[in-house]
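Written below as C-alpha cells is the structure these notes are about.
Residue numbers (UniProt numbering): 1 to 286.
Structure representation (C-alpha cells):
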C-alpha cells in the first residue's frame, strides 16, 4: 500500500520473536486480514498478536500505544489492547514493533442496534480521563491544518466526486466556531476497522496510535463511517454534541475520506469503499 514498504511475512515475525522474545518464538504466526494501512498484524497462537509498522509514519505509534494504553485502560468501559512487549529492530526489520494480547471480536460490517450508545459511552469515558502531561492528538487539531491536503485531494479526484458539493461542506466546517474548551482525550481513529463487536455489543476498541488530547470533534467521524443515520442521531444526542462541534466532526470525516480515496484507490478496496460511503453519507446529511 505504500512505496518502499518492507516485506512483512510470517517467517520475518518468527525471526523477530526468536531474537527479541524467545519465549514466544515457537508460536504459530498467522497474518490477520485487515483493511488497516499503517501496521501488519500477525496472530501468535491463540492469545497474542504482533503489530509491525508498514511505513515510517506509523513507527511512533507503537511506542505511543505501549506508553499510554496501560494508563488509559482502567478508565474505559470496554477492552483495549494490552501491550506485552516492545520489540526492537532486528532480523533486517528496521523499526520497533510490539506484541499485545489478542482481543476477540469482529469488525462490524453493519452497526448492530445499540452500537451508537456503546460508542457514546466509550467516547464519554475517554473524554473524562485526566492524566498528567497528555500528548496532543493529531486529529484533535484545528481543521484549518488539514485544508491544503483536503483541497489537493478534491482536485486529484476530479469527477469522481461532486467537487462543488464536497468543497461547500468542507468550507462550512472550516467556518464553524473552533473548540474553546479544555482539550479532551480522543481516540483519533474511530472507524469500522478499529471497533470490535461481540454478541451485538461493543466489545473492544483497538489502535490507539493516534490517541491524545484535543478537539472532541476528533471522535465524531464514526457517526458517518460506521453508524447509519438513525443511530447517528442517537450517538449525537448521547454525547450532547453542539452544532459547531458536529460540523467540525462532519468536516473531519469528509477530509479523511477525501484524502484516503486517491491514495489507496488501487491498494485497499475496503478502505476505498468506506471512503466513498462516508462522502455519500456526509453529503446526504449536510
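Cβ atoms here follow ideal geometry from the backbone N, Cα and C, with glycine treated the same way. In this text, all values refer to a predicted model and were calculated from it rather than measured experimentally.
query: How long is the line joining the alpha carbons of residue 8 and residue 1, rounded to whole angstroms?
result: The sequence position of residue 8 within the chain shown is 8, counting from 1. The sequence position of residue 1 within the chain shown is 1, counting from 1. The straight-line gap from Cα to Cα measures roughly 12 Å.
- prompt: What are the boundary residues of the beta strand (DSSP E) that residue 83 is part of?
  reply: Locating residue 83 in the chain shown gives position 83, where the first residue counts as 1. 83-87 is the extent of the beta strand (DSSP E) around residue 83.
field: Per DSSP, cross-strand counterpart(s) of residue 101
entry: Working through the chain shown from its first residue, we reach residue 101 at position 101. DSSP output for residue 101 lists 48 as bridge partner(s).
message: In whole angstroms, give me the CA-to-CA distance for residue 147 and residue 173.
response: Working through the chain shown from its first residue, we reach residue 147 at position 147. Working through the chain shown from its first residue, we reach residue 173 at position 173. Cα to Cα, the separation comes out at about 11 Å.
Through-space distance from residue 143 to residue 247, alpha-carbon basis: One-based indexing of the chain shown puts residue 247 at position 247. One-based indexing of the chain shown puts residue 143 at position 143. Between residue 247 and residue 143, the C-alpha separation is close to 11 Å.
- request: Kindly indicate which three-state DSSP category residue 268 falls into: helix, strand or coil?
  value: Your numbering for residue 268 matches position 268 in the chain shown. If DSSP states are grouped into helix, strand and coil, residue 268 belongs with coil.
task: Could you round the C-beta distance between residue 123 and residue 239 to whole angstroms and report it? I think they count as a contact, below 8 Å.
output: Locating residue 123 in the chain shown gives position 123, where the first residue counts as 1. Locating residue 239 in the chain shown gives position 239, where the first residue counts as 1. Yes, they are in contact, since the Cβ atoms of residue 123 and residue 239 sit about 6 Å apart, within 8 Å.
Buried/exposed call for residue 267, threshold 16 Cβ in 10 Å: Counted from its first residue, the chain shown places residue 267 at position 267. Answer is exposed; the Cβ neighbour count stays below 16.
task: Pair every Cβ in the stretch 185-192 with every Cβ in the stretch 205-223, then say whether three or more of these pairs are closer than 8 Å.
output: yes
field: Neighbour-count burial assignment, residue 12, 16 or more Cβ in a 10 Å radius
entry: Sequence index remark: in the chain shown, residue 12 carries index 12 (1-based). By the 10 Å Cβ count, residue 12 comes out buried.
- request: Tell me, to the nearest whole angstrom, how far the beta carbon of residue 42 is from that of residue 29; I am working on the premise that it is less than 8 Å.
  value: By 1-based counting over the chain shown, the position of residue 42 is 42. By 1-based counting over the chain shown, the position of residue 29 is 29. Yes, residue 42 and residue 29 are in contact; Cβ-Cβ is about 5 Å, under 8 Å.
field: Sequence-distant residues of the same chain with beta carbon closer than 8 Å to residue 78, five excluded per side
entry: Here residue 78 refers to the residue found at position 78 when the chain shown is read from its first residue. Closer than 8 Å at Cβ, skipping near neighbours: 118, 122, 202, 203, 204 and 205.
message: Taking only three categories from DSSP, how would you classify residue 286?
response: For this step, residue 286 is matched to residue 286 along the chain shown. Three-state result, residue 286: coil.
query: Where do the ends of the alpha helix (DSSP H) carrying residue 18 lie?
result: If you number the chain shown from 1, residue 18 lands on position 18. Note, residue 18: alpha helix (DSSP H), 10-20.
field: Where the beta strand (DSSP E) through residue 203 begins and ends
entry: Against the chain shown, residue 203 aligns to sequence position 203. From DSSP, the beta strand (DSSP E) with residue 203 extends over 201-205.
message: Starting from residue 117, trace the alpha helix (DSSP H) in both directions and tell me its first and last residue.
response: In the chain shown, residue 117 corresponds to position 117, counting from 1. Where residue 117 is concerned, the enclosing alpha helix (DSSP H) stretches over 115-128.
query: In chain order, what residues of the same chain have a beta carbon less than 7 Å from the beta carbon of residue 171, not counting five sequence neighbours either side?
result: Counting from 1 along the chain shown, the entry for residue 171 is found at position 171. Hits under 7 Å: none found.
query: Candidates 282, 21 and 254: which alpha carbon is nearest residue 139's?
result: Within the chain shown, residue 139 is the residue found at index 139, counting from 1. It is 254.
- request: Below 7 Å CB to CB, which residues in the same chain sit around residue 35 once its five sequence neighbours on both sides are set aside?
  value: Within the chain shown, residue 35 is the residue found at index 35, counting from 1. For residue 35, where only same-chain residues beyond five positions count, the Cβ hits under 7 Å are 193, 268, 270 and 271.
task: Pull up the DSSP beta-bridge partners for residue 93, would you.
output: Against the chain shown, residue 93 aligns to sequence position 93. Residue 93 pairs with 90.
- prompt: Which two residues bound the contiguous alpha helix (DSSP H) that contains residue 59?
  reply: Position 59 of the chain shown holds residue 59. Per DSSP, residue 59 belongs to the alpha helix (DSSP H) from 59-72.
message: Closer than 8 Å is the cut-off here; do at least three beta carbon pairs connect the stretch 37-51 with the stretch 82-100?
response: yes
CB of residue 103 within 8 Å of CB of residue 83, strictly: Residue numbering aside, residue 103 sits at position 103 when the chain shown is read from its first letter. Residue numbering aside, residue 83 sits at position 83 when the chain shown is read from its first letter. Cβ atoms of residue 103 and residue 83: not closer than 8 Å.
query: According to DSSP, is residue 152 helix, strand or coil?
result: One-based indexing of the chain shown puts residue 152 at position 152. The answer is helix: DSSP assigns residue 152 an H, G or I state.
task: Give the single residue among 133, 185, 279 and 65 whose Cα lies nearest to the Cα of residue 257.
output: Position 257 of the chain shown, counted from the first residue, corresponds to residue 257. The shortest Cα separation from residue 257 among 133, 185, 279 and 65 belongs to 279.
field: Rounded separation between residue 25 and residue 61 - CA only
entry: Working through the chain shown from its first residue, we reach residue 25 at position 25. Working through the chain shown from its first residue, we reach residue 61 at position 61. Whole-angstrom Cα-Cα distance: 24 Å.
message: If I follow the unbroken alpha helix (DSSP H) through residue 236, where does it start and stop?
response: Along the chain shown, one-based indexing puts residue 236 at 236. Element bounds for residue 236: 229-239.
Residues near residue 179 by beta carbon distance below 6 Å, same chain, minus five either side: To locate residue 179, count along the chain shown from 1; it is residue 179. Closer than 6 Å at the Cβ level, and outside the excluded window around residue 179, lie 215.
query: Skipping 5 residues on each side, what residues in its chain have a beta carbon closer than 7 Å to that of residue 176?
result: Translated into the one-based positions of the chain shown, residue 176 becomes position 176. Contacts found: 244, 247 and 248.
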